[in-house]
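Just below is one structure, and these are the notes that go with it.
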Amino acid sequence: MRGIAASPGIAIGKIFIINEEKLEISQDKIAEERVIAELDILQGAIEKTKQEIKSLKEQTGKRLGPEQAEIFAAHLMFLEDPEFIASIKSEIKKNKLRAEAAVARVADRFIQLLATVEDEYLLARQADIRDVGQRIIRIISGVGWKSLDFNDKMVIVAKELTPSDTARLNPEQVLALVTAEGSRTSHAVIIARSLGIPAVVGVGRELLAEVSNGSEVIVDGIDGLVLIEPSEERKAQYHSKIKSLAEEQQRVNSYQDKKAVTRDGEEIKVVGNIGNLTELEHILARGGEGIGLFRTEFLYLNREQPPSEEEQFSVYKLTAEKLKGKPLIIRTLDIGGDKELSFLNLPAEENPFLGYRAIRLCLERTDLFKVQLRAILKASFYGNIKVMYPMISSLEELRAANRVLENCRQELSAAGINYNPGLEIGVMIEIPAAVVIADLLAKEVDFFSIGTNDLIQYTLAVDRTNERVADLYTPYHPSVLRLIRQTIDAGHQAGIWVGMCGEAAGDELLLPFLLGSQLDEFSMSAVSILRIKELLARWTRKEAAVLAERVMELSSTDEVRAYLAKSLR
Ligand code: PEP
Ligand code: MG
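See below:
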């Protein structure tokens, strides 16, 4: 059977099926006099549900890190959604349903509503709503959870895994995950990826008809395959695949304590991208030489008020201190558009990626911007901090941002507060317009960092979050490669250094091209660091430059990909 390869790796083992438990819900109408009592029951159950979810959030945070715990923050917000609660109450009052039936009906309605949206992220949220609904119903009807404990390590099979199921599983006992529904962005999958557990999702409804508890299965999370009751020959084949994957992993792991150097000994700056402090630990553990991109958005998300100067200052200072003098590039707030901030109350936009976001928003909301810049400036006194503006498309924006920064400097000086007067300022090059005027921008900044994630979407006119056009989203398009080259050349001509912090910086195939194009810094997620160090050790800049020249002559994405794949071998 085939599904979506959601978390890489291969596992062979026995199946444990998690069945969706059908909760019996009485649809009997209640008498008018019962309405108040049912509303009370509902209120009590909601409060209890909140407590349970809060403690799950805490547990998950401790076990897997703050990012994984965030999903439960979303569940809590859902429980506070006035529309959701009002709809349930109205079912009790108007339609005389029992509390549990009212919850089930409203949850179903919200799920149906989302089912019409063609957005992978929102589709994944259906599972969240189902999960919250089931939890309230269980509390009202006093039905507990079945135990999910088993002795051996098993392959978990389910129609879909809710966040609550996932939180109840002990990762030590899970060999792999297979689900009939689900997407790459569902909670279970995100956790599986972070724990290195192979997963295949979206296999289809046939899945549950074809498996039974205890049957043997091969889960291939690389190619998205599920092989039920495989032959001995197949098993042998896969055992040898597992062995070579493990060997490869071991070779890659041996780069943990090695520096990032080319074959002829040139040290290359390989640094990390982080969105929180847990990720910083992962970067440091892999020998990252600093942070090339600190996405500060997480400080602002899921809260009622923006983070104060004090709070931001202490996070930035702590991060810089943990880096012990290694560079830390703090990117100013890149929010708006698809990443919503509830406290800003921004209206929805038709084209969020082309809309009111990042530097555009900060230059208008200088109240928010100044708080962040003052915090960064203050922290710059305590470590090797640089600042970087996102989504710059013109000189005016850069100059306007610098004016706000200058204003903050003056305020701090007047108040006798310390900061680093030589704080380096950079811009992200992630809009084609910025590439075209890179020579002009380069004269007014200390460094560039190429953000390929957005640069690709704006260059190719392909929404980076739209699965439908995912095939068109590629760093190997000759236009993207030319823009990268142009940026590096313009930076170097003006005497500044150029890094890259988009996902392409950790792309195995692209590595020799970037090295040969004289990129100065590679900033990537923790998972890519060791592999990139291993690949760097195979090349010299000179050889890579020859390859890069050759790649620049190719005229299509397919040719580029094929050529780079051949060079990797
Ligand atoms: C980018 O656009 O390449 C980038 C690194 O920023 P983000 O992914 O946060 O938009
Ligand atoms: Mg970006």
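For the sequence shown, our numbering begins at 233 and goes up steadily by one. Beta carbons are placed, not taken as given, at the ideal position from N, Cα and C, and that holds for glycine.
Assigned exposure category for residue i - 16 Cβ within 10 Å defines buried
| i | result |
| --- | --- |
| W377 | exposed |
| S418 | buried |
| N327 | exposed |
| N505 | buried |
| H307 | buried |
| K549 | buried |
| V432 | buried |
| N485 | exposed |
| S287 | exposed |
| S322 | exposed |
| S260 | Reading off the sequence shown, one finds Asp at residue 260, where the question assumed Ser. Answer is exposed; the Cβ neighbour count stays below 16. |
| G235 | buried |
| P622 | buried |
| M660 | buried |
| G497 | exposed |
| V435 | buried |
| D686 | buried |
| S472 | exposed |
| V759 | exposed |
| G446 | exposed |
| L630 | buried |
| R466 | exposed |
| I268 | exposed |
Option in the options with minimal Cα separation from residue i
| i | options | result |
| --- | --- | --- |
| T314 | K294, P539, P395 and V338 | The sequence shown places Pro at residue 314, rather than the Thr named in the question. Among K294, P539, P395 and V338, the Cα nearest to that of P314 belongs to V338. |
| V406 | S415, R437 and V451 | V451 |
| S626 | L509, I591, L655 and A646 | I591 |
| D340 | K328, E581 and V364 | V364 |
| R357 | V387, E392, D384 and A333 | E392 |
| D272 | L311, N251 and I324 | I324 |
| E656 | L255, L560, S463 and N577 | L560 |
| A492 | L768, A263 and D599 | L768 |
| A797 | E766, V778, P744 and E781 | P744 |
| S396 | N383, D360 and T411 | D360 |
| G507 | A334, D566 and E662 | D566 |
| E332 | A305, I317 and S373 | S373 |
| I249 | E781, L409 and Y795 | L409 |
| I247 | E541, E464, L531 and D384 | D384 |
| Q481 | R782, I429 and R763 | R763 |
| Q725 | V267, A736 and E676 | E676 |
| L644 | A780, I608 and E265 | I608 |
| I320 | R370, S681, L311 and A334 | A334 |
| K280 | A269, I371, F316 and G519 | I371 |
| G658 | I562, I303 and E413 | I562 |
| E699 | S426, S681, A441 and S415 | S415 |
| W771 | P462, Q537, S799 and S426 | S799 |
| E284 | E270, R266, A305 and E265 | A305 |
| E628 | A646, Y614, A665 and N652 | A665 |
Proximity below 8 Å, CB of residue i to CB of residue j
| i | j | result |
| --- | --- | --- |
| I515 | I368 | no |
| Y708 | V694 | no |
| I649 | K618 | no |
| S612 | G453 | no |
| L804 | V443 | The structure shown does not extend to residue 804, since the chain is modelled only from 233 to 801, so the question has no answer here. |
| F575 | R535 | yes |
| Q604 | Q544 | yes |
| A424 | Q291 | no |
| T494 | R801 | no |
| V547 | F601 | no |
| G731 | A674 | no |
| V503 | E753 | yes |
| A670 | T719 | yes |
| L477 | I257 | no |
| D678 | I624 | no |
| E438 | M233 | yes |
| C640 | R589 | no |
| L401 | I388 | yes |
| A633 | L593 | no |
| G683 | G738 | no |
Distance between beta carbons of residue j and residue i, contact taken as under 8 Å
| i | j | result |
| --- | --- | --- |
| T691 | V712 | 6 Å |
| A301 | K289 | 5 Å |
| K501 | E521 | 6 Å |
| L786 | V778 | Actually they do not touch by this definition, with Cβ atoms about 14 Å apart. |
| I716 | S749 | 7 Å |
| K554 | L512 | 6 Å |
| E299 | T510 | 7 Å |
| L255 | Q366 | 7 Å |
Neighbourhood of the ligand MG [Cβ distance below 5 Å to any heavy atom], ordered by chain position: One residue list follows from the rule of a beta carbon closer than 5 Å to any heavy atom of the ligand MG, given in chain order as E662, G683 and D686.
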